[in-house]
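First comes the structure, then the notes that go with it.
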Amino acid sequence: MEGLVKKLTDKDSVYYTIYWSRLKKTDKYEIISSVPSVAGIFELYYLDWKKKLNLFFVSKAWYGGLRNKIRKATDSELESDPARKHVLETFSIYYRYTAVNSYGDMSDIISFFSMTYFPHRTPVQSSGRYKTISVTEISKDKITTV
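The sequence shown begins at 66 in our numbering and counts up by one.
See the structure below:
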């Protein structure tokens with residue numbers, strides 16, 4: 066089930082279950098050889114000096130797929146945002162992903178994450194198909210989102 070999303074609907078509500086891939090330390094060769102080139106969503110974490118994982122980036126990958134998007138998002142030389150560039154250059158970076166074959170589903174999940182994990186930022190727009198979006202995350206890694 067790793068790296069997949071299941072979806073259940075009930076009238077105007079949707080329930081997603083995300084089965085995340087294992088958390089992996091970034092290595093461009095590992096990404097190129099093991100991450101699938103399919104649509105999906107991914108998260109980036111950095112390991113701080115206290116050895117705590119901190120979520121700092123969530124994104125969807127549609128065109129180009131997960132492999133290309135994760136590869137680009139974890140390369141400090143390709144990053145234009147100064148804050149993310151600093152994190153990429155300073156800390157060890159880890160990633161995880163899940164395949165999602167529907168752009169609308171990706172939009173719903175990313176919208177949920179933006180409101181849940183980054184409430185101080187402007188929320189990402191959902192697909193607009195549902196009034197209520199719920200997400201359950203399943204991971205073999207024992208991490209908590211900060």
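Backbone N, C-alpha and C fix where the C-beta goes; we use that ideal spot for every residue, glycine too.
Close Cβ partners of Phe156 (< 7 Å) along its chain, the five nearest in sequence each way excluded: Tyr111, Leu112, Asp113
Considering only their Cβ atoms, is the gap separating Ser192 from Gly169 smaller than 7 Å? yes
CA-CA distance, Tyr128 and Met171? 13 Å
Do the stretch 174-181 and the stretch 142-151 meet, that is, are 3 or more Cβ pairs less than 8 Å apart? Short answer: they don't touch.
Just the Cα atoms here: how many angstroms apart are Thr163 and Thr82? 11 Å
Which class does Glu95 belong to by DSSP, given the choice of helix, strand or coil? helix
Tell me which residue opens and which closes the beta strand (DSSP E) that Asp75 is part of. 69-75
Under a Cβ-count criterion, where at least 16 other Cβ atoms within 10 Å of its own Cβ denotes burial, should Thr201 be classed as buried or exposed? exposed
Here's the rule: buried if 16 or more other CB atoms are within 10 angstroms of the residue's CB, otherwise exposed. What is Tyr159? So Tyr159 counts as buried.
Classify Lys196 as buried or exposed, calling it buried when 16 or more other Cβ atoms lie within 10 Å of its own Cβ. Counting the other CB atoms within 10 Å of its CB gives Lys196 a total below 16, which places it among the exposed residues.
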